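Residue numbers (our numbering), protein chains in the order written: chain A, 728 to 836; chain B, 281 to 396.
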Amino acid sequence: GMPVEQNPPALSLYEGAESGLRCNFSTTMKGVQWFQQNHRGRLITLFYLAQGTKENGRLKSTFNSKERYSTLHIKDAQLEDSGTYFCAGESSGSWQLIFGSGTQLTVMP
Amino acid sequence: DAGVTQTPRHEVAEKGQTIILKCEPVSGHNDLFWYRQTKIQGLELLSYFRSKSLMEDGGAFKDRFKAEMLNSSFSTLKIQPTEPKDSAVYLCASSLALGQGAHEQYFGPGTRLTVL
C-alpha cells in the first residue's frame, strides 16, 4: 500500500465546526510535519513533531511513532482555514519527507 | 533571517529547452531537498544533498534532471531537455541535520514550470 495514507481526501466544514485529519504510515517514521498549502501554492508548516502532541491556537496535532499514525485536529474552523493540508513523514531510512496525498478543506460560512 | 528562496517563481519553456531553477537554503542548514508537485503524483523527492554531497537522486528522474550544489548556500536544478510532462511546481527545502533524529524541513515558495 501507500507509505502514507491520508484521510479524508476532502472535507467540508461550517464556520465554527471542528474535525480531524489522519495519516497512517506503513513504516516507522522518525517525525512528521503537517502543512497547509495556500492558494499561491506555498507550503506553510503547521507542526513538526518527533513524538507526542502539540497545540497551536485552534490546531492540535499528535504523532504516535510506534502506532504509526498522526492526527491534525482543527476546532472553531474559520474561512481562512480553507486550503489543502498535507502530512509528511520523515523516513527512518533516509531524511526525505514522504507526503500524504492531501486533504482539501473547505470552510463554509 | 531569510527563509528558503527560490527563483524564478514562474517559468515557461518550450519543449526541448534547458531550464535551470535556483534555490538558496536557510543560512546554516546542511540538508537540501528538491521536490516536485503535480496533481497526479503529488509531492515527490527529486534530489537530496547533505553538506553539498548528493545523497539521493530520485531514481526515476535521473535522465533529464540534474541537481547540483556547488556551495552550501546555493543549489540548482537543471532540466534538459524539457518535456510537457515536466510541468509542475518545483519545491526546494532545507533543514539542519544534527544527528539521526527527525529534522524539520523548511520550504521555499516554489517555482511553477510550464512546458509548452
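Quick reminder that beta carbons are idealized off the backbone N, C-alpha and C, glycines included.
Being a predicted model, the structure only gives us computed values, none of them experimental.
Q. Between which two residues does the beta strand (DSSP E) carrying B:Trp314 extend?
A. Translated into the one-based positions of the second sequence, residue 314 of chain B becomes position 34. Taken as a continuous stretch (DSSP letters only), the beta strand (DSSP E) holding B:Trp314 covers 311–318.
Q.
Excluding the 5 residues flanking A:Phe826 on each side, which residues of the same chain have their C-beta closer than 7 Å to its C-beta?
A. Reading the first sequence from its first residue, position 99 is the one you call residue 826 of chain A. Excluding positions up to five away in sequence, the list reads Val731, Phe813, Ala815.
Q | Between the CA atoms of A:Gln760 and B:Glu384 - distance to the nearest angstrom | A | The residue you call residue 384 of chain B lines up with position 104 of the second sequence. The residue you call residue 760 of chain A lines up with position 33 of the first sequence. C-alpha separation (whole angstroms): 7 Å.
**Q.** Endpoints, beta strand (DSSP E) assigned at A:Lys802
**A.** On the first sequence, residue 802 of chain A is found 75 positions in, with the first residue counted as 1. Segment: none, A:Lys802 is in no beta strand (DSSP E) and carries neither H nor E.
Q. For B:Thr287, which of B:Lys342, B:Ala293, B:Gln297, B:Leu301 has the nearest alpha-carbon?
A. On the second sequence, residue 287 of chain B is found 7 positions in, with the first residue counted as 1. When only C-alpha atoms are compared, the closest one is B:Leu301.
Q) Which residue spans inside the region 765–826 of chain A form an unbroken beta strand (DSSP E) run of at least 3? A) 770–776, 779–783, 786–791, 796–801, 810–818, 824–826
(Q) Contact between the region 349–369 of chain B and the region 294–311 of chain B is defined here as three or more beta-carbon pairs at a separation below 8 Å; is this criterion met? (A) yes
Q) Relative to the alpha-carbon of A:Gln805, which residue among A:Gln733, A:Pro735, A:Ser739, A:Phe762 has its alpha-carbon at the smallest distance? A) Residue numbering aside, residue 805 of chain A sits at position 78 when the first sequence is read from its first letter. Ranking A:Gln733, A:Pro735, A:Ser739, A:Phe762 by Cα distance to A:Gln805 puts A:Ser739 first.
Q. Considering only C-alpha positions, which residue in the set A:Thr833, A:Asn791, A:Leu773 is nearest to A:Ser753?
A. As a first step, residue 753 of chain A is located in the first sequence; it is residue number 26 there, counting from the start. Comparing Cα-Cα distances from A:Ser753 to each of A:Thr833, A:Asn791, A:Leu773, the minimum goes to A:Asn791.
Q. At a Cβ threshold of 8 Å, is B:Arg316 touching chain A?
A. Against the second sequence, residue 316 of chain B aligns to sequence position 36. No, B:Arg316 lies away from the interface with chain A (no Cβ there is under 8 Å from its Cβ).
Q | Rounded Cβ spacing between B:Gly322 and A:Gly768 (contact assumed at less than 8 Å) | A | For the purposes of this step, residue 322 of chain B is taken as the residue at position 42 of the second sequence. For the purposes of this step, residue 768 of chain A is taken as the residue at position 41 of the first sequence. The Cβ separation is near 13 Å, so there is no contact.
Q. Tell me which same chain residues have a C-beta within less than 7 Å of the C-beta of A:Arg785, skipping the five on either side of it?
A. Position 58 of the first sequence, counted from the first residue, corresponds to residue 785 of chain A. So the qualifying residues of the chain are Ile801, Lys802, Asp803.
**Q.** Beta-carbon neighbours of A:Phe826, restricted to chain B and to distances below 7 Å
**A.** As a working mapping, residue 826 of chain A is identified with position 99 in the first sequence. Those within 7 Å of A:Phe826 in chain B are Gly322, Leu323.
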